[in-house]
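Undergrad: If you read the sequence shown in our numbering, its first letter stands for residue 18, the second for the next number, and so on. Take a look at the following structure, please.
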Amino acid sequence: MDVVVGLVLGAGVGCVWWSCWPNDAIGGHRAARWSARVQDELIQAGATGVTPGGLMVASVVLGIVTLVLAAGATRAPTVALFFAAFSTGAPLAVVRGRARRRRARLRQLWPEVVDHLASGIRAGLSLPEAVAQVGERGPEELRLPFRAFGEDYRATGRFTESLDLLKDRLADPVADRVVEALRITRDVGGTDLGRLLRTLSGFLRDDVRTRGELEARQSWTVYAARLAVAAPWLVLALLATRTEAASAYDTPIGFAVLLTGATCTVVAYSAMLRVARLPEDPRVLR
């Protein structure tokens, strides 16, 4: 009886707390933030034609396929379930890895882009012309979005809207800062844009140099941690090819062992990433 009273009291307190928050504030905002973050990562990874919803569908399909194949190969649904759970998160992990590597490459190119803008303005080009010429003479990997900016501006003649589209195509915090500096100069005027861009270029080069040294020092630690995380599951995959070994995990005790191992793996790997992660610039000027 005391247990029932406690459960009812807890449910009542939970309902009172839940009623203090609007529905959209609880789930809608989180979903919107997650969707915006994943969309930025897809753009940064170069998968511009993929949406967050499409990525989720691909993850679920991959998980189901892995579950069926693993269950057929091991004859142990418990083992197959854990491999399917890991494979479900694989597409998002691949996208984030590609986005992280591409951000590292672009971080080295942004000082050159800023130098192109500064030289164009110093040569007497207008702001739209200086931005558009990056699509012709700038770094190869960044020419396409700047070329699209030039096409948008020639088609509409609206500098602000074209800059917004450029920000969406780049989805990069450094690009946001450069674009907003250009927008403010266009709106309020100013003669120090060249000096501002040269100062920004110097800051970006210092950041690239410092970050490169830190990443070189910690890279071997990150790779070793990834190998340590993957090794037990590779051993499990090899053991699961033998029917007698796989059947040992297809029991309540085996499931508890696998669940404990998976929990330790996720917690340890997440802690390693949090400790080793270098600070990333958020898109505060989205």
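In this text, a Cβ means the ideal position worked out from N, Cα and C, and glycines have one as well.
#1: Nearest CA to the CA of residue 121: which residue from 135, 222, 253?
#2: DSSP three-state call for residue 93: helix, strand or coil?
#3: Tell me where the alpha helix (DSSP H) around residue 162 begins and ends.
#4: Measuring straight from C-alpha to C-alpha, what distance separates residue 162 and residue 286?
#5: Which residues in the same chain as residue 246 place their Cβ atom closer than 6 Å to its Cβ, once the five residues preceding and following it in sequence are excluded?
#6: Quick one, which of 62, 73, 63 has its alpha-carbon nearest residue 52's?
#7: Count the other CB atoms, across all protein chains shown, that sit within 10 Å of the CB of residue 294; report buried if there are 16 or more and exposed otherwise.
#8: Taking the alpha helix (DSSP H) that residue 189 falls in, what are its first and last residues?
#9: Report yes or no: do three or more beta-carbon pairs, one from the region 191-206 and one from the region 133-152, lie closer than 8 Å?
#10: Does DSSP put residue 280 in a helix, in a strand, or in coil?
#11: Would a C-beta distance cut-off of 8 Å place residue 105 and residue 76 closer than the cut-off?
#12: Do residue 107 and residue 87 have their CB atoms nearer than 8 Å?
#13: When the Cα atoms are used, what is the spatial distance from residue 284 to residue 109?
#14: Taking 6 Å as the limit between beta carbons, can you name the residues of its chain near residue 79, skipping five residues before and five after?
#15: Report, in whole angstroms, the separation of the C-beta atoms of residue 153 and residue 126, which I expect to be a contact under 8 Å.
#16: Are there 16 or more other CB atoms within 10 angstroms of the CB of residue 230, so buried, or fewer, so exposed?
TA: With the given structure in hand:
#1: Counted from its first residue, the sequence shown places residue 121 at position 104. Out of 135, 222, 253, 222 has the C-alpha closest to the C-alpha of residue 121.
#2: Mapped onto the sequence shown, residue 93 falls at position 76. Three-state DSSP puts residue 93 in coil, outside helix and strand.
#3: As a first step, residue 162 is located in the sequence shown; it is residue number 145 there, counting from the start. Residues 160-173.
#4: By one-based count along the sequence shown, residue 162 stands at place 145. By one-based count along the sequence shown, residue 286 stands at place 269. Rounded to the nearest angstrom, the two C-alpha atoms are 35 Å apart.
#5: Your numbering for residue 246 matches position 229 in the sequence shown. Answer for residue 246: 282, 286, listed in chain order.
#6: Numbered from its first residue, the sequence shown carries residue 52 at position 35. Of the candidates 62, 73, 63, the one whose C-alpha sits nearest the C-alpha of residue 52 is 73.
#7: One-based indexing of the sequence shown puts residue 294 at position 277. With fewer than 16 neighbouring CB atoms inside 10 Å of its own CB, residue 294 falls in the exposed class.
#8: The residue you call residue 189 lines up with position 172 of the sequence shown. Taken as a continuous stretch (DSSP letters only), residue 189 belongs to no alpha helix (DSSP H), as it is neither H nor E.
#9: yes
#10: Counted from its first residue, the sequence shown places residue 280 at position 263. The three-state reading of DSSP puts residue 280 in helix, counting H, G and I together.
#11: Here the question's residue 105 lines up with position 88 in the sequence shown. Here the question's residue 76 lines up with position 59 in the sequence shown. The answer is yes: Cβ separation under 8 Å.
#12: Walking along the sequence shown from the start, residue 107 turns up at place 90. Walking along the sequence shown from the start, residue 87 turns up at place 70. Not a contact, by the Cβ cut-off of 8 Å.
#13: Walking along the sequence shown from the start, residue 284 turns up at place 267. Walking along the sequence shown from the start, residue 109 turns up at place 92. Approximately 18 Å between the Cα atoms of the pair.
#14: Position 62 of the sequence shown holds residue 79. Here the set comprises 104.
#15: Locating residue 153 in the sequence shown gives position 136, counting from the first residue. Locating residue 126 in the sequence shown gives position 109, counting from the first residue. Residue 153 to residue 126, Cβ: 15 Å. No contact.
#16: Residue 230 sits at position 213 when you count from the first residue of the sequence shown. Counting Cβ neighbours within 10 Å, residue 230 comes out exposed, since fewer than 16 surround it.
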